[in-house]
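These notes concern the structure reproduced below.
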Amino acid sequence: MRVIAIGECMVELAPVGDGLFTMGYAGDTFNAAWYLRRLLPVTASVSYLSAVGTDAVSDRMLDFMAAEGIITDHVQRVPERSVGLYLIQLNNGERSFAYWRSSSAARLLAEDATRLDRVLDGADLIYLSGITLAILDADARSRLMASLAHARAAGSRVAFDPNIRPSLWPDTATMLQSITDLAAGADIVLPSYDDEARHFGDPDPAATAQRYASHGEALVVVKDGPRPIVTWQAGKSEHHPVPVPAAPVLDTTAAGDSFNAGFLASYLAGAKLSKAVSAGTSLAARVIAGPGALVRSAVEFAT
Ligand code: ADP
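For the sequence shown, this note's numbering begins at 917 and goes up steadily by one.
Dropping the structure here:
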């Protein structure tokens, strides 16, 4: 089993009090890759396809990925650029984020079509998100979509989380069209209902599932926070209740990313849809009981 996640990992600065911050690494597709690495057997490989700079902070990020078991062979080094950064701020218990990512190296991850084809060739699962698409310019997006289509034709499966972030896109029409196009060429689409309702105007999660299903052949799994997950597969819709987490909800960062990883690891191992959904919701329940995106206590490495 060869898994390739595509996107941007950023430096995270999280407050620890007295104006001090700790440094970590996170980013939606990277978070999912990190959870997948822990869930999948050691015989599986999990690679990250991205780009970083040639500076010391980029070196540290790559060292971190490698130490976590993620293959970094497909992270390109781009001189003159560096990694993106975000800062978590706490105001009366409410978290807000400030980003410095507009000229990060990761924006250049899809400059070379031949390289994309070579890296994706033979992958069993390719995982990406709407954020992966949003950080690319129009030409790079087209190159990536063409390589994905190529890989799919050769037997790879593509899983896509629309993760709609308007601030990263040039305009709304491009955002909605690009997300729709990518989803139409994916095998598994993993949207979150609140994003979809806000930007596509879906009246309920079943409408989200149906909309994505109508564009292609994909299995659609719609997350909706503590409310039931709605799946759509081969014309059949199902509701799957989300169990009340055993531990109180502390921080919902990476709820969707960890759900996706739990779901995909189980589904690709051959589990039935409802069992794979439970694997996703039970991992997400443990992740939201801990702080930050990468919650070590939520998941041990598989053997
Ligand atoms: P995203 O992080 O992409 O917005 P959601 O908020 O829909 O995704 O959450 C993803 C999954 O995490 C849900 O399907 C559910 O399993 C779990 N989850 C999120 N919030 C809660 C919550 N408050 N209580 C229980 N489970 C939750």
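Each residue gets a CB set at the ideal place from its N, CA and C atoms; glycine is no exception.
Every value quoted in this text rests on a predicted model; they were computed, and no experiment measured them.
- A direct Cα-to-Cα measurement between Met-1091 and Pro-1107 gives close to 14 Å.
- Following the DSSP letters along the chain, one finds Trp-1148 inside the beta strand (DSSP E) bounded by residues 1143-1149.
- Apart from the 5 residues on each side of it in sequence, Ala-1029 sits with its Cβ closer than 6 Å to the Cβ of Arg-1059 in its chain, given in chain order.
- For Thr-959 and Asn-1007, the gap between their C-alpha atoms comes out near 44 Å.
- Here His-990 is buried: its Cβ has 16 or more other Cβ atoms, across all protein chains shown, within 10 Å.
- The Cβ atoms of Tyr-951 and Val-1215 sit closer than 9 Å to each other.
- The beta-carbon distance between Ser-1182 and Ala-1195, rounded to whole angstroms, is 4 Å. This is short enough to meet the 8 Å contact definition.
- In this structure Ala-1022 is buried. Its beta-carbon is surrounded by 16 or more other beta-carbon atoms within 10 angstroms.
- In the displayed model, Arg-1081 falls within coil according to three-state DSSP, outside both helix and strand.
- Residue selection by CB proximity (closer than 6 Å to any heavy atom of ligand 1) returns Ser-1108, Lys-1139, Asp-1140, Gly-1141, Pro-1142, Ile-1145, Val-1158, Pro-1161, Val-1165, Thr-1168, Ala-1171, Gly-1172, Phe-1175, Thr-1197, Ala-1200, Ala-1201, Ile-1204 in chain order.
- When C-alpha distances from Ala-1054 are compared across Leu-1084, Asp-1037, Gly-1009, Arg-1073, the shortest belongs to Leu-1084.
- Residue Pro-1078 holds the alpha-carbon nearest to the alpha-carbon of Lys-1139 among Leu-1098, Pro-1078, Gly-1117.
- Taken through DSSP and simplified to helix, strand or coil, Ile-920 comes out as strand.
- Per DSSP, Phe-946 lies in no beta strand (DSSP E) segment; the continuous alpha helix (DSSP H) that holds it begins and ends at 944-955.
- Under the three-pair Cβ rule at 8 Å, the stretch 968-976 counts as touching the stretch 984-1000.
- If you look at Phe-1013, you'll find it in the beta strand (DSSP E) that goes 1010-1016.
- Within the stretch 1092-1148, the complete beta strand (DSSP E) runs of at least 3 residues fall at 1135-1140.
- The residue from Val-1137, Ser-1190, Ala-1162 with its alpha-carbon nearest to that of Gly-1172 is Val-1137.
- Sorting Leu-1098, Leu-1189, Leu-1041 by C-alpha distance to the C-alpha of Thr-1048 places Leu-1098 at the top.
- Distance from Leu-1036 to Ile-920 at the Cβ level is roughly 6 Å; contact confirmed, criterion being Cβ atoms closer than 8 Å.
- Using a 10 angstroms sphere on the CB of Pro-1119, the tally of other CB atoms stays under 16, which defines it as exposed.
- The shortest CA-to-CA distance from Ala-1150 to any of Leu-1135, Leu-965, Ala-983, Met-981 is the one to Leu-1135.
- As DSSP reads the structure, Leu-929 sits in a beta bridge with Met-939, Leu-1003.
- Apart from the 5 residues on each side of it in sequence, Arg-953 sits with its Cβ closer than 6 Å to the Cβ of Val-962, Gly-985, Ile-986 in its chain, given in chain order.
- Of the other Cβ atoms in all chains shown, 16 or more fall within 10 Å of the Cβ of Pro-1121; this residue is therefore buried.
- Residue range 1054-1069 is occupied by the alpha helix (DSSP H) that includes Leu-1064.
- As the crow flies, the alpha-carbon of Gly-1206 is around 23 Å from that of Asp-1111.
- Residue pairing of Arg-1073 in beta bridges, as defined by DSSP: Leu-1041.
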